[in-house]
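Chemist: In the numbering used here, the protein residues as written are 43 to 460.
For glycine and all other residues, C-beta sits at the position ideal for the given N, C-alpha and C.
Right, I'll just put the structure down here and ask away after.
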């Protein structure tokens with residue numbers, strides 16, 4: 043769907059969400075493609091773009107919003123054939139195919155500017171390939187375990203500090219007639235979150251990234267140990283039944299209704315859980331606990347990004363838009379609880395006064411010495427991720443198939459990383 047912001051500019055001239063960067067004289071057309079099709083992110087992005095347009099009345103801004111799953115299949119085509127000036131995407135390995143194909147613009151010049159270099163330093167690595175930066179981040183968020191605090195209190199349970207305590211809690215929850223975790227693996231990426239945490243907690247961030255980069259075979263005994271830990275939970279009956287038939291949204295009623303006590307998910311799950319009636323007296327959060335003693339805790343914190351396609355027509359305006367997006371006050375505004383409800387990437391921004399955002403900010407900034415991963419389907423090459431996530435779901439349903447799954451993934455790995 044397309045809309046233009048030019049007609050909205052005068053009404054928005056007094057907007058409070060203005061970037062701190064100096065206004066540049068810009069003109070012409072600026073085409074922006076977004077994958078933020080869900081209602082709240084879409085409204086946030088549309089408002090932000092309109093505010094940018096209010097600062098640059100000489101620009102004619104045209105925005106195209108594409109369903110996120112469809113966007114993933116269309117991006118290569120539109121970057122090649124009819125390129126916008128700005129496009130959303132993801133950090134780390136997910137940038138790789140488009141960087142390597144020459145479809146993303148090198149924006150290292152922006153990262154040399156103090157306003158970006160000083161305030162976005164923590165995310166620079168996720169935007170870097172071959173020593174150059176290929177976009178800017180606009181939001182990130184924590185993953186972790188959201189749980190029914192009232193159920194834990196009823197059963198006399200504490201937040202687990204290690205895997206043994208996690209399993210002990212799970213057994214108590216099962217004994218009460220509930221499942222430990224709800225999950226929907228109909229769309230395969232949710233199983234990837236469980237693998238990320240189990241693998242990083244078993245062997246650490248560096249090992250996890252070595253596997254992601256093709257340096258470790260899936261049939262490696264260390265990878266099998268990760269699956270052995272996962273199987274302990276599966277064999278206990280920790281997960282809701284028939285999860286392969288549910289999307290993640292369709293899995294939420296299990297925790298809302300008290301049929302399951304927790305969910306491993308990103309912070310985006312908080313809004314629908316609150317809307318379904320779980321207020322903060324019933325819903326709480328904890329960091330995925332230690333498995334192997336001494337392994338530094340690493341986290342999934344997926345980072346969403348803006349890029350300038352190499353074939354963009356208005357790169358000057360596109361660069362100014364990227365500066366606007368990452369400025370401190372815009373970051374504060376778009377990431378607050380009423381909008382994206384996530385964490386700002388600019389160190390000079392304010393974190394919204396929200397219980398879970400503050401817990402996530404503290405966890406990522408103070409309690410995650412092991413590193414920050416981008417999430418399974420972003421850290422692994424797209425073809426490897428697609429095949430592997432299918433295998434992860436299959437393992438959750440048919441754990442006895444593990445050896446065949448791992449051998450199959452070895453063959454995929456040989457082809458993908460050749």
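Taking only three categories from DSSP, how would you classify residue 387?
Modeler: Coil.
Chemist: Could you spell out where the beta strand (DSSP E) holding residue 107 opens and where it closes?
Modeler: Element bounds for residue 107: 101-107.
Chemist: Express the C-alpha separation of residue 211 and residue 198 in angstroms, rounding to a whole number.
Modeler: The straight-line gap from Cα to Cα measures roughly 9 Å.
Chemist: Once you ignore the five residues that flank residue 244 on each side, which residues in its own chain have a CB closer than 8 Å to its CB?
Modeler: Cβ within range, chain order: 264, 267, 268, 271, 333, 334, 337.
Chemist: How about residue 390 and residue 370: are their beta carbons less than 8 Å apart?
Modeler: In this structure, residue 370 lies closer than 8 Å to residue 390 by Cβ.
Chemist: For residue 187 versus residue 328, is the C-beta spacing smaller than 8 Å?
Modeler: Against a cut-off of 8 Å, the Cβ pair of residue 328 and residue 187 comes out as a contact.
Chemist: Mapping the DSSP letters down to three states, classify residue 272 as helix, strand or coil.
Modeler: Three-state result, residue 272: helix.
Chemist: Can we say the segment 421-429 touches the segment 215-225, given the rule of at least three CB pairs closer than 8 Å?
Modeler: Contact fails: fewer than three Cβ-Cβ distances are below 8 Å.
Chemist: Do you know whose CA, among 110, 94, 111, lies nearest residue 103's CA?
Modeler: Here the closest residue by C-alpha is 94.
Chemist: Can you tell which of 438, 149, 430, 98 has the C-alpha that lies nearest to the C-alpha of residue 450?
Modeler: Per the Cα distances, 430.
Chemist: Alpha carbons only, please: which of 74, 168, 112 is nearest the one belonging to residue 124?
Modeler: Closest option to residue 124, Cα to Cα, is 74.
Chemist: Cα-Cα, which of 206, 285, 218 is closest to residue 195?
Modeler: Residue 195 has its Cα closest to that of 218, out of 206, 285, 218.
Chemist: So which of 442, 72, 129, 220 has the shortest CA-CA distance to residue 178?
Modeler: Of 442, 72, 129, 220, the residue nearest in Cα terms is 129.
Chemist: Within 8 Å (strictly less), CB to CB, does residue 300 reach chain D?
Modeler: Absent here is chain D; the protein component of the structure consists of one chain.
Chemist: For the beta strand (DSSP E) that residue 221 lies in, which residues bound it at each end?
Modeler: Where residue 221 is concerned, the enclosing beta strand (DSSP E) stretches over 221-223.
Chemist: Quick check on the DSSP output: the alpha helix (DSSP H) that includes residue 83 runs from which residue to which?
Modeler: Segment 81-97, the alpha helix (DSSP H) holding residue 83.
Chemist: Below 8 Å on the Cβ atoms is my contact criterion, and I expect residue 101 with residue 121 to pass it. Report the Cβ-Cβ distance as a whole number of Å.
Modeler: Not a contact, Cβ separation roughly 22 Å.
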